[in-house]
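Report on one structure; see the data block that follows.
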Amino acid sequence: MNFDEQRVQMVEQQLRARGLRDERMLAAFRRVPRHLFVPEMVQLQAYEDRPLPIGEGQTISQPYMVALMTSSLCLQGHERVLEIGTGCGYQTAILAEMALEVYSVERLAILSGKGREILERLGYLNVHLSAGDGSLGWPDHEPYDAVLVSASTPRIPPPLLEQLADPGRMVLPIGPRDSQTLVEVHRRNRVVRQKEITRCVFVPLLGQYGWPEDISNLT
Ligand code: SAH
Numbered sequence: 494m495n496f497d498e499q500r501v502q503m504v505e506q507q508l509r510a511r512g513l514r515d516e517r518m519l520a521a522f523r524r525v526p527r528h529l530f531v532p533e534m535v536q537l538q539a540y541e542d543r544p545l546p547i548g549e550g551q552t553i554s555q556p557y558m559v560a561l562m563t564s565s566l567c568l569q570g571h572e573r574v575l576e577i578g579t580g581c582g583y584q585t586a587i588l589a590e591m592a593l594e595v596y597s598v599e600r601l602a603i604l605s606g607k608g609r610e611i612l613e614r615l616g617y618l619n620v621h622l623s624a625g626d627g628s629l630g631w632p633d634h635e636p637y638d639a640v641l642v643s644a645s646t647p648r649i650p651p652p653l654l655e656q657l658a659d660p661g662r663m664v665l666p667i668g669p670r671d672s673q674t675l676v677e678v679h680r681r682n683r684v685v686r687q688k689e690i691t692r693c694v695f696v697p698l699l700g701q702y703g704w705p706e707d708i709s710n711l712t
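So the sequence shown is numbered by our numbering: it starts at 494 and just counts up by one.
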């Protein structure tokens with residue numbers, strides 16, 4: 494099976510079959526060439542039902558997890574989205590397909606640079622990348638209609654909540670280092686509500702409002 498065929502199969506078997514039915518989102522997953530975002534060494538596994546290493550000790554999430562997080566933002570197309578943890582840029586591309594503008598912050602300059610390369614090559618003009626501590630958000634462009642954090646944090650970083658619009662939605666993995674809960678946060682009429690979606694395991698958000706930077710030396 495070639496990559497295009499594998500991608501169609503990924504959408505049907507891993508996403509639609511598990512209850513994700515938003516056709517706009519499924520179309521985005523059919524369009525974005527996931528295999529171009531992962532290192533060559535794991536390219537043949539790009540459409541498998543699991544996370545993969547992307548270098549620098551980081552991982553690209555399983556397609557279903559990317560889809561679950563995306564779907565909880567309920568994107569219509571007019572939103573300005575903040576993403577924390579660009580990684581290889583795959584989730585960024587999915588967001589760029591579904592929203593108006595995407596602002597994405599990555600702590601590791603080397604990953605941010607690689608992400609920029611592929612996102613530019615694929616022609617995404619509505620993606621804006623920055624290298625730095627995303628636990629501080631990206632105050633220059635706030636407020637954001639939606640915020641997606643793809644690294645785990647002990648609690649919601651206050652700057653991210655401050656930069657979230659009203660109404661606005663955020664999705665992020667919250668909990669201890671080894672296992673977290675994916676949480677959906679809704680703000681409407683100044684009221685903030687949280688809903689637990691599922692258990693999950695993400696790499697840590699390292700920064701001022703995440704885990705201390707030297708935690709990676711402890712594992
Ligand atoms: N969505 C990414 C997932 C990458 S893993 C993808 O599809 O590839 C999570 C990423 O969060 C890692 O690249 C890690 O370097 C990054 N990260 C960790 N702490 C961060 C912080 N404080 N600010 C921004 N990015 C951070």
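Backbone N, C-alpha and C fix where the C-beta goes; we use that ideal spot for every residue, glycine too.
By the Cβ criterion, the region 506 to 526 is in contact with the region 577 to 594, since at least three pairs of Cβ atoms, one from each stretch, lie closer than 8 angstroms.
About 6 angstroms separates the CB atoms of R500 and R523; that is less than 8 angstroms, so the two are in contact. About 7 angstroms separates the Cβ atoms of G700 and R600, confirming a contact at the 8 angstroms cut-off.
In the displayed model, R683 falls within coil according to three-state DSSP, outside both helix and strand.
Within the chosen limit of 7 angstroms, ligand 1 does not reach the beta carbon of A592 with any heavy atom. M663 has V640 and V678 as its beta-bridge partners, per DSSP. With distances taken between CA atoms, P660 lies nearest to A639 out of A639, W704 and D671.
DSSP places E599 in the strand class (E or B) of the three-state scheme.
Beta-bridge analysis with DSSP links K688 to E677. A Cβ-Cβ contact shorter than 8 angstroms links L641 with V664. For I577, the beta-bridge partners assigned by DSSP are V598 and V642. In terms of Cβ geometry, L513 and A586 do not form a close pair [threshold 8 angstroms]. Look at the beta carbons and you see the region 676 to 690 not touching the region 611 to 626: under three pairs across the two are nearer than 8 angstroms.
The alpha carbon of L654 has as its nearest neighbour, out of W631, T674 and C581, the alpha carbon of W631.
For Q551, the uninterrupted beta strand (DSSP E) segment begins and ends at Q551 to I553. Exposure of A602 is indicated by the presence of fewer than 16 other C-beta atoms within 10 angstroms of its C-beta. According to DSSP, residue pairing for S623 in a beta bridge involves V598. Sequence-distant Cβ neighbours of P650 in its own chain, meaning closer than 6 angstroms and more than five residues away, are S628 and Y702.
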